[in-house]
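Scroll down for the structure; my scribbles are underneath it.
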Amino acid sequence: MREQAKHIRNIGIVAHIDAGKTTVTERILYYTGISYKIGEVDAGSAVMDWMDQEQERGITITSAVTTCQWKDQTINIIDTPGHVDFTIEVERSLRVLDGAVVVFCGVAGVQPQSEKVWRQADHYHLPRIAFVNKLDRLGADFFQAVQSMRDKLHANAVPIQIPIGRESDFSGVIDLIEMKAWHWSEEATDAPTVEDAIPPDLLPEAEKHRENFLEALAECDDEIMERYLNEKEITPAHLHAGLRRAVIAGKIFPVLCGSALKNKGVQPLLNAIVEYFPAPTEVPSIKGIHPKTQAEQFIECSEDKPLAALVFKIMTHIDGPMLYYTRVYAGILKAGSWVYNPGSSEDERKGFRERVLRILRLHANKITQVQEAHPGDIVAVIGLKETITGDTLCDQAHPVILETITPPEPVIFVAIEPRSQADQKSLDDALQQLMREDPTFHVRNAEETGQTIISGMGELHLEVIVERLLRERHVQARVGKPQVALKETVTQSVESEGKFARQTGGREHYGHVWLRIEPHERGRGVEFVADVSDSQIPKHYVKVVEQALRSTTGSGVLAGYPVTDIKVTLFDGSYHETNSSDMAFGVSTVKAFNDGCRNANPILLEPIMDVEVTTPKQHTGDVIEDLNARNGKIFHMDSKSGVDIIRAYMPLSTMFGYTTDLRSLSQGRAIFSMELSHYGERQS
């Protein structure tokens, strides 16, 4: 099996929206023989963008999975969205991958969502290869894009290629390791020509950048350093091996270049993927915990070990069945077998058995059935009933919970209702199904109005949800105006008492707590600290207090919004050996907390977005004036290639409909992107 796993590469392709990552993937599928014609995003024919909304909007909404072959390697590829509204698709994909190709636009360089996905990859310690795309575009500058990686990402970005020609004259690349020139024609069917002779006018520049590469690699790899210092011969084989070690260790990020749309640069990228990314057997053992003892376990990539697999995505297939996208880490997952789901330590779900009916290999929305999956494989499972995103599948005799996927909280919500009352049940069922598929999509019933409220990561996210209701479930729905998901916090420290002592149900109940409620740093959520002895409050009731606190922070005292960024300390209280109960301590906790919050000067918080607008210079003044009118705070401006790039912190509530407004301000020439930066005090 280790021989089989040695030939697997599990990679993701990630980028800022419109950097061209789906086009890169489409070219990979074509050159590896998966597709017999090239799909185009703009034409709505991209194979990996298989949902109707993806083909119409020209963006990737879900992460599509495919398997292809290059040389003697199997490459499992996940193509992910670049739009911030679908960031969970990136997060749960990176969780199960062993490497990422990060695509950058040769004109724009590093953009906001590029920074976001880079940080996500940092979190999972993923090796990365950078691909600077769109070098045929007006204003494209390969070296400026590389420098933006160093400046904005603080990445050790090192070119291993340099381009031949600029903008419309871009025709190929120089391989700095082999010192060969690759040339492409405009036709995708034409193979590239690889020449030993580098164009004489580019030779000095190639030699300079090769020396820079050698020095950078020597600093990251002892073997190359030893050869470099002792002036020993350093062959291309030495460089490939040293670069592979440095990439897997996360010490260096090689940069390649091309124009996927013009069919240039993709074959060398495929070579780099199989050459430098690790096989599943070469990545560190992943961590898990025992569901009962909480003891840490390390899962080795081996067929001989007990089964350990992670369900990282759930989706309804176009033909009907529910697909559970799964990465196998250890053991063998067999069709027809029973597996154990140990539940979750976070939501206290108990363990249960599930039946694996079928196992499928995937190519976007096309499937091939297989009988078993081995360590390193990424497959789809059919037949599971209760499993949700982030769950572990394992051997019941050797239970383990792998690190799960924590989704971000929604920032926008709308009321929704069926156009016909007869469709109410269909709407409810469809929303529940979509909520299982998407951890960032939430559904709740507003008790005060009886309305159904759906919430998500942005306007586009909820628009796609409503479209899917109609297209996939044939449910027509009306939605209200989008509203911002606010939060509450406190600005002063208080101490608050809660006591419950009365007779109910024929018995006495007693619970007594003192809570200290303090403001916390933004982004810290709710922190609970128990600072009492067993003689004051036994551990069992301390846990009851924490559970009651977690429950009551879901609805604040100002307007019923979730409470965040507070520290709550249980510092005193009392109990009765016979009369104390869970109910009494729960009630006393809720009273102490709510009374304390009312006295701690509570305020509302709103989502503040990091917005980047790229506009032609003649429209910059109008754009800035409009951002200021929306209570924005401009914190950075940059200029290049005839455009201005404006960064601003903007209240999300002022950004609804901004796409249309910006188009009007700039005659359709400006573009923008935004992501959640932080929560700030709501301005009245």
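Residue 382 in the working numbering sits at position 373 of the sequence shown, with consecutive numbering throughout. Using N, Cα and C, we set each Cβ at its ideal position, and we do this for glycine too.
1. Exposed or buried, A2, counting other C-beta atoms within 10 Å across all chains shown (16 or more means buried)?
2. To the nearest angstrom, how far is it from the Cα of K490 to the Cα of V420?
3. Just to confirm before moving on: does the CB-CB distance between T500 and A568 stay below 8 Å?
4. If you draw a straight line from the C-alpha of D653 to the C-alpha of D604, how long is it?
5. Within a Cβ cutoff of 6 Å, which residues of the same chain sit near W79, ignoring the five residues on either side of it in sequence?
6. Roughly how many whole angstroms lie between the Cα atoms of E214 and E381?
7. List the endpoints of the continuous alpha helix (DSSP H) containing I414.
8. Kindly give me the distance between the Cβ atoms of L316 and V348, rounded to whole angstroms, as I take these residues to be in contact under 8 Å.
9. Tell me the rounded alpha-carbon separation between G267 and S682.
10. Taking all protein chains shown into account, decide if T31 is buried (16 or more other Cβ within 10 angstroms of its Cβ) or exposed.
11. Are the CB atoms of V409 and I308 nearer to each other than 8 Å?
12. What first and last residue would you give for the alpha helix (DSSP H) that runs through I282?
13. Taking the continuous alpha helix (DSSP H) assigned at G251, which residues delimit it?
14. Secondary structure at T401, three-state DSSP: helix, strand or coil?
15. Ignoring anything shorter than 4 residues, give me the alpha helix (DSSP H) runs that lie fully in the stretch 116 to 152, in order along the chain.
16. Note down, in chain order, each residue of its chain lying with its Cβ closer than 8 Å to the Cβ of L147, except the 5 sequence neighbours on either side.
17. With a cut-off of 8 Å on the beta carbons, I'd call I655 and M646 a contact; round off their distance for me.
18. At a threshold of 7 Å, does K125 count as lining the ligand MG (C-beta to nearest heavy atom)?
19. Is it a yes or a no for the stretch 252 to 260 touching the stretch 212 to 229, going by three-plus beta-carbon pairs under 8 Å?
20. Run through DSSP, which three-state label would D61 get?
21. Could you name the residues that DSSP lists as bridge partners for L265?
22. Quick one: Cα of V111 to Cα of Y570, how far?
23. Over the uninterrupted alpha helix (DSSP H) stretch that includes P571, give me the two end residues.
24. Determine the direct distance from the alpha carbon of A344 to that of P287, and round the result to whole angstroms.
25. L469 lies in the alpha helix (DSSP H); which residues open and close that run?
26. Per the contact definition of three or more C-beta pairs closer than 8 Å, is the stretch 420 to 429 in contact with the stretch 477 to 490?
27. If you draw a straight line from the alpha carbon of E291 to that of H383, how long is it in whole angstroms?
28. If you draw a straight line from the alpha carbon of A154 to that of D313, how long is it in whole angstroms?
29. Any contact of the stretch 621 to 640 with the stretch 673 to 691, i.e. 3+ C-beta pairs under 8 Å?
30. Which term fits F262, buried or exposed, when burial requires 16 or more other beta carbons within 10 angstroms of its beta carbon?
31. Would you mind sorting R480 into buried or exposed? The rule is 16 or more other CB atoms within 10 Å of its CB.
32. Is M158 helix, strand or coil by DSSP?
33. Going by the CB atoms, is the gap between H16 and D81 shorter than 8 Å?
34. Determine which residues share a DSSP beta bridge with W193 and list them.
35. Work out the CA separation of F537 and G174 for me, nearest whole Å.
36. Considering just the uninterrupted stretch of the beta strand (DSSP E) at K576, what are its terminal residues?
Taking the structure as given:
1. With the chain covering 10 to 693 only, the question about residue 2 has no answer from this structure.
2. 14 Å
3. no
4. 50 Å
5. T41, L279, V283
6. 51 Å
7. No alpha helix (DSSP H) contains I414, which DSSP labels as neither H nor E.
8. 7 Å
9. 24 Å
10. buried
11. yes
12. 275 to 285
13. 245 to 257
14. strand
15. 121 to 132
16. V116, E176, S177, S650
17. 6 Å
18. This structure lacks the ligand MG; in fact it carries no ligand of any kind.
19. yes
20. Interpretation of D61 is limited by its pLDDT of 48, a score under 50 that renders its predicted location unreliable; the figure taken from the coordinates is listed afterwards. In this structure, D61 counts as helix in the three-state DSSP scheme.
21. F140
22. 37 Å
23. Element bounds for P571: n/a, residue is neither H nor E.
24. 28 Å
25. 468 to 482
26. yes
27. 15 Å
28. 45 Å
29. yes
30. buried
31. exposed
32. helix
33. yes
34. For W193, which the question treats as bridged, DSSP gives no partner whatsoever.
35. 60 Å
36. 575 to 583
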